[in-house]
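What the sequence shown shows, in the UniProt record's numbering, is residues 1 to 281, in sequence order.
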Amino acid sequence: MNIRSFTSEDDNFSISSSRVKGYFSMPSRHFHDKYEIYYLRAGERYYFVKDKVFHIKKGHLVLIKEGELHKTTDAEKPDHERLLIYFRKPFIETANKSTDRILNLLKGKSYCVMELSLKERQEVERIFYEMFQETEAQEECFEICLQGLLMKLLVYIGRYIRQTDANVFLSSSPRHEKVSGIVKYINEHYSEELSIPGIARLFFISPYYLSRIFKETTGFTLLEYINTVRIRAAQELLLNKKFKVIEIAEKSGFGSVSQFNRVFRQIAGYSPLSYRKGSVK
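Take a look at the structure:
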């Protein structure tokens, strides 16, 4: 894997490119507190986000908001090259008072998928190229140039969103449609008791087949996905100081506080109380 990357000192912005030979799946962290812009320069991938699976190809660009659960997995062709940007809102707020207006171009969507024409690909790749030039030269005020280039890219994406529907890029595979229904069910019922046999019965498939197609399609094991959705919901509840930890554990679908604490540490990397106290981002 060939990687080229830069991260700002405050961790509010990062950009990277990677060229991967062979099969590759994303690491275990599947949601974060940053916007993500994913551009596929070559190859094919399946991009799982929210409760949908998109088959993205060369020239496709994906933008997702912070906190959205997502993962990429291998498609038919394993080799691929991608460009990736992560940013937090403060990165562009420091340079422009129109940040909200720019982000509002996303029309309240939590993600979008774009298929770019050759001319549009050339424009997007030019912006990425200029960003890499700035991060490598790091001349005076290069951060301001990065902010300007990022805002230009976001405006470009926002204008495109008004003219297209991301659903046209949904995978048409019956298996993917089945998994999308399962994911939607979990997203709506995570606070209830969930089990592999129980979900399998609801969707008229065997537990073995459910586990296999879920992992192959989303990149998550079924239990890993359920726990990740629950922890993400718990993080939202922890920001509200009126709820006790035991209440949050129950509202998030956990059978006990000890299980909640263990899974929270496993997925988030820190304890629920640390998150509540604001000791982590």
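The beta-carbon is built from N, C-alpha and C at its ideal position, and this holds for glycine as well.
Quick caveat: nothing in here was measured; it's all calculated off a predicted structure.
(request) Write down every uninterrupted run of the beta strand (DSSP E) in the region 106-193 whose length is 3 residues or greater and which is fully enclosed by it, in chain order. (result) Counting only runs of 3 or more, we get 111-115.
(message) Please return the same chain residues whose Cβ sits closer than 7 Å to the Cβ of Phe-243, not counting the five positions on each side in sequence.
(response) Leu-237
(message) Is it buried or exposed, Leu-202, if we count other Cβ atoms within 10 angstroms and call 16 or more buried?
(response) exposed
(request) Give the straight-line distance between the Cα atoms of Tyr-270 and Ala-249, rounded to the nearest whole angstrom. (result) 15 Å
(message) Residues in the same chain with beta-carbon distance under 6 Å from Ile-157, minus the five sequence neighbours each way, listed in chain order, please.
(response) Leu-63
(request) Would you kindly report the start and end of the unbroken alpha helix (DSSP H) that includes Ala-249? (result) Secondary structure note for Ala-249: its alpha helix (DSSP H) is the uninterrupted segment 245-251.
(message) Nearest by alpha-carbon distance to Arg-19: which of Thr-7, Lys-34, Ser-8 and Ala-42 is it?
(response) Ala-42
(request) Answer yes or no: do Leu-149 and Glu-125 have a C-beta to C-beta separation smaller than 8 Å? (result) no
(message) In the DSSP output, what is Val-229 paired with across the bridge?
(response) DSSP output for Val-229 lists no bridge partner at all.
(request) Identify which residue in Met-151, His-176, Gln-266 and Gly-255 has its Cα closest to the Cα of Glu-93. (result) Met-151
(message) At the level of alpha carbons, what is the spacing between Arg-175 and Phe-204?
(response) 13 Å
(request) Buried or exposed for residue 290, please, with buried defined as at least 16 other CB atoms from any protein chain shown within 10 angstroms of its CB. (result) Within the shown structure, residues of the chain are numbered from 1 to 281, placing residue 290 beyond reach of any answer.
(message) If contact is defined by three or more beta carbon pairs under 8 Å, each pair taking one atom from either stretch, is the region 174-193 in contact with the region 130-147?
(response) For the pair of segments examined, the region 130-147 was found not to touch the region 174-193: the number of CB pairs separated by less than 8 Å stays below three.
(request) Compute the distance between the beta-carbons of Val-263 and Ile-231, then report whether it is under 8 Å. (result) Judged by their CB atoms, Val-263 and Ile-231 are nearer to each other than the 8 Å cut-off.
(request) Report the rounded CA-to-CA distance for Glu-134 versus Ile-37, giving the unit in angstroms. (result) 18 Å
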